[in-house]
Amino acid sequence: MLRYILLLAVAVIAIQARSPPNPCWNKPLCMMQCEYGNHVDQDGCAICKCKQPPHCPHVMCAMYCEHGFQVGADECETCKCNQPPHCQPVRCRMNCENGFK
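So the sequence shown is residues -17 to -1, 1 to 84, counted in mature numbering (1 follows the signal peptide of the UniProt record, and there is no 0).
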């Protein structure tokens, strides 16, 4: 009898501890790819309407950045250069008289 009460208590705790249901589970799934993401409805679920690109002022930087400019929190370019990518050295056994690209 004690074992059944203990089992019942564990089951009740497990049911109460589960995560809240996902409000988007019964909504249509949008297969549209949006460069800036999708708009969301009142439940926070993605809908099939693309967000517009951020409105960024034209930034005039008197410098050249080989790897492009950094992007700020507003998703607009800043006048700071991106760091060069960290690539592993390539081992190639080809002989190219003019070097590699």
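No residue lacks a Cβ here, since even glycine has one placed at the ideal position from N, Cα and C. Source: prediction; values computed, not measured.
Starting from Gln53 and walking both ways along the beta strand (DSSP E), at which residues does that stretch end? 52 to 54
Under 7 Å from any heavy atom of the ligand HEM, does the C-beta of Cys79 make it? In the structure on display, the ligand HEM does not appear, and there are no ligands present to speak of.
Measure from the alpha carbon of Asn5 to the alpha carbon of each residue in Cys64, Cys62, Gly27, then state which is nearest. Gly27
Residues bridged to Cys64 by DSSP? Phe52
Considering only DSSP beta bridges, list what Asn21 is partnered with. Cys33
Going by CA-CA distance only, name the one from Pro36, Cys7, Cys62, Gly55 that's closest to Cys48. Cys62
Quick one: measure Cβ to Cβ for Pro57 and Pro37, integer angstroms, because I've assumed they're closer than 8 Å. A small correction: the amino acid at residue 57 is Asp; Pro does not occupy that position in the sequence shown. Sure, about 6 Å apart at Cβ, within 8 Å.
Quick one: measure Cβ to Cβ for Glu18 and Cys39, integer angstroms, because I've assumed they're closer than 8 Å. Their Cβ separation, rounded to whole angstroms, is 14 Å, which puts Glu18 and Cys39 out of contact at 8 Å.
So the candidates are Met15, Asn81, Cys79, His50; which of them puts its Cα closest to the Cα of Pro67? His50
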